[in-house]
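Numbering (UniProt numbering), first residue to last: 1 to 487. Notes follow the structure.
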Amino acid sequence: MSGKERLGGAQAIVSGVLEEFRGLSARPHGSGQEAAETAYFMDRLRRLGLTPERDEAGNVRADVPPTPGHESAPLLILQGHMDMVCTAAPGSSFDPVRDTVTIVTEDGFLRSDGRSSLGADNNLGNAVVLYLLKEGVPHGPLRLLFTVSEEVGLQGAAQVDPKWLEGAVYLLNTDGFHLGLAVTGSAGGRRETYTRPLAWCAPQGTEGFCITLTGGLGGHSGDDIHRGRLNAVVALAQLLEKLSTQFSLEVADFTGGSGHNAIPGSAQVTVVLPAGQGNALAAACAAAERDLLARHGAAEPDIRLTAAPISCPAQVWQAESRRAVCGLLTGLFCGVYAMHHAFPDVVGASANVGQVFAENGAAVVRAFIRCARPEEEAILFPQHDSTAQTHGFALTEVTSYPSWPGQADSPLVRTLCQVYRAETGRNMTVTAVHVGLEPSVLGAKNPAMVMVSTGPDIVDAHAVTERAPLAGIPDYTALLAGTLAAL
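Quick look at the structure:
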C-alpha cells in the first residue's frame, strides 16, 4: 500500500492539507508582522497535544515524542518559516498589514484571488507537517521548528538558540519550491538599501503625466531570475533616461517594486513637461511598449506602458537628482551573473533591483545579490557599492547570510530519493538552489547536523500570480510521511 493510500487517497490528503493551510493563512503574516501567526502556531501545536515554546524573536519550537516502536530513530528537525512576501496587485487596495490572503482553488491550482501573493512559501510545507501530525503517521523523535523573518535575510533563524538544535542528527527544511528536488545547497545573499537626499525645485513645465509600466509577472529574485522576466523598475528607469534626451522632462516621483527579493512587475513615474507635448509623450511610450513586447512578450504578453495626464505637481526633483536615481537603477547589476560551479543548470550568482521609492525627502533603492561562492561576492558587492557612491547614494542598510555548501550524498538524501521513487515511480533530482535557505544559518549552530530541503511545487512565488498545483500535494505529503517512517 502506498503512502497516499494509507492516508486515505489523494483527495483526502489535499482536503486535509488545505484545511491546515487555510488556518495558517487566516491572518496577515508578512515579515516582521508574524505575532498573530506565531500565536496561531502555538495554539495549533497545543491542540495537537504538544508543548510548544516561543523565543523572544517569535520562533516556535515543539518536541514530538516518537510513535511506539520508533523510539531509537535519530532525532529529526522539521523546519519551515512562518512569514511570507506579501505582494499586492497594483490598484487592488490590498493592505498586507491589515488584509488576509483570500485562498482560491481553481483549474487544479491553489492561488489567491489575484489581489496578493499566496503565501504558499513556506506555509504550504508547514501545512503538510501539521496535517501529518494530526493523522498520526509513524515517526521517530521529532522537533518542529518554525521561524520568523526568513524573507528578510533569514533573521529568525539567525536568532535561534543553538540549544534548540542540540541532539539533532537530521534537519529537513520544507521551503523548497519544486517537488522532486532534494536540495543540498543554497546561495548566500546580501540585502542592500541605498539612500540619497533629493533636491527639489519648482517645475518649469506646466503639464503633469503619470507614466505607468504594468503587466510584468514579477516573481522571486532567486527562483525566477533566469526566466528573462521584465524588471519594471529598471525598464522604466531606462525609458526615463531616454525620454530625458527627447523632452524637457522633470520628475516628481518614481515608485516601483515591493521589496528587495521580488522582481518588480510594475512601476510608475510622475513627470512634468512643457505644454503641448502630451501627444508626443504618448507616442514615445507606445513605441517603447512595442519594444518591450518584442523583447519580453513571449514570456510577458501583458506588458503595458501608458502615459496619463494628471494635475501638475507643485515640486519636482532637480535634474541632478533625476540623473542620480536613474543612474543607480540602470547601473546596478540586474540579472544572472554566473551559473553554478557544481550544478551547471542552476544559477550561481545574480542580482535584482527590487524597489525604488521616495521617503522623507530621500530616494530609496533596494537590491539583492545572491552568490553561491565568495568569488562572485568579491565582484558584485564592490560593483554595487561603487555604482552607488558614483551617484551619491549611501548604503544605509545591509544584511547578509552565508551560502550553504551542503552534502550531495548523505543518509537523509538517500532516504528521500528511495521514498520518492517508491511513491511516485520517478527519480528525485539532487541539486542546489539559487535562493537563501535557513539551513545555511542553522547548520552553523550544529555543524554535525545533516540537512536537506524539499518542498511542494510553487509557481511564481512572491508574485500575485503565485500558485501551487493541487496534484503535487499528495506526492509531497507521501514523501514526508514515508521519510519519517523510513528514518
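Glycine included, C-beta positions come from ideal geometry on N, C-alpha and C.
- Counting along the chain, the unbroken alpha helix (DSSP H) around LEU484 starts and ends at 472-486.
- Linking VAL419 to ASN261 through their CA atoms gives a straight-line distance of about 33 Å.
- Counting only runs of at least 4 residues, the segment 279-336 fully encloses the following alpha helix (DSSP H) elements, listed from N- to C-terminal order: 319-331.
- For ASN352, the pairing in a beta bridge is given by DSSP as PHE368.
- The beta-bridge partner set that DSSP reports for GLY189 consists of ARG370 and TYR401.
- When the Cα atoms are used, HIS434 and MET339 turn out to be separated by approximately 10 Å.
- Secondary structure of GLN204 (DSSP, three-state): coil.
- Spatial neighbours of ILE13 in its own chain (CB-CB distance under 8 Å, excluding positions within 5 residues in sequence) are listed in chain order as LYS4, LEU7, TYR131, ILE473, PRO474, THR477 and ALA478.
- The straight-line gap separating the alpha-carbon atoms of PHE381 and LEU50 is approximately 45 Å.
- Given a length threshold of 3 residues, each whole run of the beta strand (DSSP E) inside the segment 125-174 is given here in chain order: 142-147 and 170-173.
- GLY425 counts as exposed, since fewer than 16 other C-beta atoms from the protein chains shown sit within 10 angstroms of its C-beta.
- Beta bridge pairing from DSSP links MET84 with GLY30.
- By the neighbour-count definition (other C-beta atoms within 10 Å, threshold 16), MET428 is a buried residue.
- Relative to ALA235, the option among LEU332, ASP175, GLN315 and LYS134 whose CA is nearest is LEU332.
- Collapsing the DSSP output to three states places VAL269 in a strand.
- A direct Cα-Cα distance of roughly 12 Å separates ARG54 from ASP63.
- Using a 10 angstroms sphere on the CB of LEU142, the tally of other CB atoms reaches 16 or more, which defines it as buried.
- Separation of the CB atoms of VAL272 and VAL316 is rounded to 5 Å, and the pair is thereby assigned contact status at 8 Å.
- Between the alpha carbons of ASP224 and ALA351 lies a gap of roughly 12 Å.
- Contact between the segment 190-203 and the segment 357-373 is established, with three or more Cβ pairs separated by less than 8 Å.
- DSSP links ARG22 through a beta bridge to no other residue.
- Between ASP95 and SER149 the beta-carbon gap is near 20 Å, outside 8 Å, which marks them as no contact.
- Where THR255 is concerned, the enclosing beta strand (DSSP E) starts and stops at 250-256.
- Distance from the Cα of VAL346 is smallest, within the candidate group GLY30, PHE209 and GLY222, for GLY222.
- SER453 has ASN173 and VAL183 as its beta-bridge partners, per DSSP.
- DSSP lists no beta-bridge partner residue for GLU375.
- Rounded to the nearest whole angstrom, the CA to CA distance from THR147 to SER400 is 17 Å.
- About 7 Å separates the Cβ atoms of ALA463 and GLY265, confirming a contact at the 8 Å cut-off.
- Assignment of alpha helix (DSSP H) within the segment 204-234, counting only whole runs of 4 or more residues, yields no such run.
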